[in-house]
Every structure is written in C-alpha cells, then in structure tokens.
Amino acid sequence: MIGAPLTSCRIGLRYLFDAKTAIRNCAPNAPQGATNVVVSSYIFSVVWGGILLGPIVINASEDQILKNGARRAIDRCFKDFGCDRRELTVGEHNILNAQHGHDR
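The opening position of the sequence shown corresponds to residue 261 in this note's numbering, with each subsequent residue numbered one higher.
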C-alpha cells in the first residue's frame, strides 16, 4: 500500500473488515490515478513552462508525481468507504512488524 495505513473506517465491530474491504476495492484505482496526474502535469507544464522547459521539469519529478497521484486516487476511494489515512504510532508499527505474512 502506498503511504500511511488506512484508519478511521466506520466505527463499530466491523472496523477491520471495513478497512480490508476498502483497501481491496481501492487499490486498483492507484495506477489510473497516477497516470491521470502525470498526463495532466505534462499538459499544464507546456502552458506554464513552454514546450521545452515545462516537460523537462515534470520529467525530473515524474516519480514523485506518480506516487502522489496514486495516493490521492486511493484516498478519494477511501472517503467513499468512510475511511481516512493517518500515521501509525510507534506501538502500532511494532505490532505490524512482529506479524508475518497474511496476518500483517
């Protein structure tokens, strides 16, 4: 998964199931979201920076643009499931790192 883990899904006993469902359903949105942002960036770079300079600047930061586009696409989908993204605490990191395979 890209970025910080998913949290704050609908409050209730189904929290873990809701989070897993949201991740499973939203993950396929990442590649298309990343592609859309990169294409848009190249188009607008020509307008802002000219035919030569604009695309050169975008090309230099394309990896970061791809990651941000994928992250935003997933976050938009998470919101449809009533979920948010947040940073894990140190304790949560330790618990996840102690688990193996499918449990993680």
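Ideal placement from N, C-alpha and C gives every residue a C-beta, glycine not left out.
{"Query": "Kindly list the residues whose CB is nearer than 8 angstroms to the CB of Asn285, restricted to its own chain and excluding five residues on each side of it in sequence; keep chain order.", "Result": "Cys337, Phe341"}
{"Query": "Taking the straight line between their C-alpha atoms, what separation do you get for Val307 and Leu326?", "Result": "20 angstroms"}
{"Query": "Assign Arg331 to one of three DSSP states: helix, strand, or coil.", "Result": "helix"}
{"Query": "I need the straight-line Cα distance from His353 to Gln359, nearest angstrom please.", "Result": "10 angstroms"}
{"Query": "What is the DSSP secondary structure of Arg336, counted as helix, strand or coil?", "Result": "helix"}
{"Query": "Measure the Cβ-Cβ separation of Val317 and Gly309 and say whether it is below 9 angstroms.", "Result": "yes"}
{"Query": "So, under 8 angstroms CB-CB, Ile334 and Ala279 are touching, yes? Tell me the CB distance rounded to an integer number of Å.", "Result": "Actually they do not touch by this definition, with Cβ atoms about 13 angstroms apart."}
{"Query": "Answer yes or no: do Arg224 and Ala282 have a C-beta to C-beta separation smaller than 9 angstroms?", "Result": "With the chain running from 261 to 364 in the structure shown, residue 224 is simply not present."}
{"Query": "Which complete alpha helix (DSSP H) runs does the segment 277-307 hold, if anything under 4 residues is left out?", "Result": "none"}
{"Query": "With Gly293 and Ser305 assumed to form a contact (beta carbons below 8 angstroms), what rounded beta-carbon distance in angstroms separates them?", "Result": "Between Ser305 and Gly293 the Cβ distance is about 18 angstroms, and since that is not below 8 angstroms, they are no contact."}
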